[in-house]
Structure formats: structure tokens, C-alpha cells
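Using the working numbering, the letters of the sequence shown correspond one by one to residues 1 to 256.
Every residue gets a Cβ at the ideal spot worked out from N, C-alpha and C, and that includes glycine.
What follows is a single structure, written as C-alpha cells, with notes after it.
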Amino acid sequence: MIALGLALLALGSADFIAGGLSGTPRDRRHIARGLLASGLPLLALVTLSGGRWSACAYALLALAGIATWLFVRRESAPPSDVRNEERRASRAIAVFLLLLLALALLAPLAPCRPPRWLLRALEGHPLPLFQATNAEALIAVLGILALLAAPANALIRAILRASGTQIDRSAKRLRGGRTIGMLERWLIFGFALAGEPTAAALVVSAKSLVRFPELQAARTATAEEGAQEIDHVTEYFLLGSLASWFVALVPAVVLR
């Protein structure tokens with residue numbers, strides 16, 4: 001789990017440095033910065049494995065996959081037509097899923113030991129997750145939290161674009177979606193991992209209550225334009241929320 005956690009941490013670092021919370025890199029220079037940021041977790045992976053060739057191969061595979069994921073999502077200039085954007089988004093989703101599948105399946109080929117300083121820091125900690133015996137799980141959780149930040153935002157944006165949802169116009173109606181979505185996924189993942197589905201459901205309900213006035217305001221503002229505009233905003237909210245909840249719950253189910 002250490003190798004997988006560090007690989008996910010590399011993915012999260014690359015996405016955040018290359019494109020911020022949106023995870024969408026603007027050009028090759030930003031992609032290069034993201035790849036440089038991913039190098040530190042991958043270097044730690046190789047070091048903790050004792051320099052095994054299999055771990056080196058795993059790190060190179062992760063780096064190649066991260067580079068492909070960043071390049072396939074870079075902003076197109078000039079903007080492409082709608083169908084081309086939908087195809088690009090579908091390819092990005094496929095690359096992301098294949099990358100995660102490869103990292104998860106090949107992680108056992110790169111066995112790593114927790115660093116000694118981490119074991120000493122966790123020794124005697126009262127919380128079960130932060131005990132020395134769970135050091136591997138803690139690193140995996142940190143990697144998943146990184147995955148649920150910028151990479152998850154980028155994935156959900158690709159899902160919305162692949163489905164033909166009008167992202168830019170709807171995002172102006174419902175602001176703060178990237179930050180709210182990231183915090184929401186962290187909370188849902190944490191509560192689900194702790195075996196508290198009721199608390200996770202409360203997070204979902206709270207978001208719906210907070211967004212309801214904004215949806216009502218969007219409906220009022222677009223009354224003269226017809227029902228189609230509010231339909232786009234509603235589709236953006238529902239599809240984005242469902243995708244976000246699914247992305248947050250899957251790793252919690254896998255870890256449990």
C-alpha cells in the first residue's frame with residue numbers, strides 16, 4: 001500500500017502544480033512543473049523499496065501515466081468543437097481509469113517499508129489509524145486524499161464535458177464547486193472509512209440544502225430565457241455531485 005499511496009500522492013501533486021485545483025494544465029510548461037513535483041514522491045518510493053528494479057519500473061510507469069494524463073487534458077487553443085471536446089474528455093477518462101488500475105494492480109511488485117522517522121513519530125499514538133502498525137495504511141490514506149483533490153476535480157470535469165454538459169456557463173451560476181467538491185469528498189471518504197455512513201449522508205444533505213437557494217436564484221434569473229438554461233445548471237449540479245460522491249466512496253470501500 002505504500003507504493004500505491006506514494007504513486008497517488010505523485011499524481012495529486014502533479015495535477016495541483018500543473019493546473020491548480022481544477023487540475024487542467026494550460027501548456028507544456030505547466031505540465032513540466034507538474035511532472036517535476038511528482039518526482040519527489042516517486043523518488044521516495046524507490047528509496048523506501050531499497051532501490052529494487054521492480055520499484056524503479058513501477059515509478060517510471062507511474063510517471064509515464066501521469067504525463068499522459070496531463071497531456072491528454074491540456075487546454076486546446078483555439079477551442080475545439082463540441083464533439084471533439086467530448087471525445088477528448090472521454091479519452092481522458094479512459095487514461096485516468098487505466099492509470100489507476102495499473103497502479104493498483106502493479107503496486108505489490110514494488111514492496112516498500114515505512115520510513116523509520118514515521119514509525120517513531122507514530123509510536124504510542126492513541127488513535128488507531130496513527131499507530132505505528134498502521135503506517136502503511138496512513139500513507140495510503142494520504143495518497144487517496146491527494147487523489148480526491150485536483151485529480152478528482154479534473155476527472156469530474158471530464159465526465160461533465162464527455163456528457164455534453166455546459167460546464168462554463170453552469171459553473172458561473174454555482175460558484176466554489178472545486179473547493180466545495182474537494183472538501184466534500186474528503187469528508188465523505190473519512191466518514192465512510194470510519195464506518196459512519198450517517199455522517200456521510202449528512203454531508204450530502206448539507207450540500208443539497210446550501211445549493212438549493214442558488215438553483216432557485218438561477219431559475220429566477222433565467223425565467224425569461226426559458227427552461228433550458230436552468231436544465232443545464234441542474235444537470236451540472238446533479239451529475240457533478242453524483243460523480244463526486246462515487247469517486248469519494250470507492251476508495252473507502254476498497255480500503256475497508
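Taking 7 Å as the cut-off, the beta carbon of PHE96 is found closer than this to the beta carbon of LEU155. Looking at the backbone, the Cα of GLY143 and that of ASP15 are separated by about 13 Å. DSSP, reduced to helix, strand and coil, places ASP27 outside both helices and strands of the structure shown, so it counts as coil. Nearest C-alpha to GLY5 among ALA152, LEU145, LEU119: LEU145. With a contact defined as Cβ atoms closer than 8 Å, LEU255 and ALA140 qualify at about 7 Å. Under the DSSP assignment, THR165 falls outside any alpha helix (DSSP H); it carries neither an H nor an E label. For GLY124, the number of other beta carbons within 10 angstroms of its own is below 16, and it is reported as exposed. In this structure, SER54 lies near ALA110, with their beta-carbon atoms less than 7 Å apart.
Restricting attention to PRO251, GLY12, LEU106, the CA atom closest to the CA of ALA137 is found in PRO251.
In this structure VAL233 is buried. Its beta-carbon is surrounded by 16 or more other beta-carbon atoms within 10 angstroms. The closest CA to that of THR165, considering only ALA149, ALA37, LEU106, ARG83, is found on ARG83. One thing to note: TRP69 has its Cβ no nearer than 7 Å to the Cβ of LEU45.
In this structure, DSSP gives ALA57 a helical state, which the three-state scheme calls helix. Going by DSSP, ARG178 is part of the alpha helix (DSSP H) stretching over 177-193. Taking all protein chains shown into account, VAL253 has fewer than 16 neighbouring C-beta atoms within 10 Å of its C-beta and is therefore exposed.
When rounded, the separation of the alpha-carbon atoms in ILE180 and LEU239 is 15 Å. Of the residues assessed, GLU196 falls on the exposed side of the cut-off, its CB having fewer than 16 other CB atoms within 10 angstroms.
In this structure ALA152 is buried. Its beta-carbon is surrounded by 16 or more other beta-carbon atoms within 10 angstroms.
Take ARG178, set aside five residues on each side of it, and the residues of its chain with a beta-carbon closer than 7 Å to its own are LEU21, SER22, ASN153, in chain order. Contact annotation: ALA3 and ALA89 have beta-carbon atoms that are not nearer than 7 Å. Taking C-beta atoms as the reference points, ARG185 and LEU160 fail to come closer than 7 Å. DSSP places GLY5 inside the alpha helix (DSSP H), whose first and last residues are 2-19. Distance between LEU105 and ALA57, taken at the CA atoms: about 14 Å.
Annotation: the continuous alpha helix (DSSP H) that includes ALA135 extends over 135-147. ALA59 and SER241 have their C-alpha atoms roughly 32 Å apart. Sequence-distant partners of LEU48 (beyond 5 residues in either direction) whose C-beta falls short of 7 Å from its own C-beta, in its chain, are ILE2, CYS112, ARG113, PRO115. Just measuring C-alpha positions, the residue of ALA62, ALA32, PHE71 sitting nearest ALA102 is ALA62.
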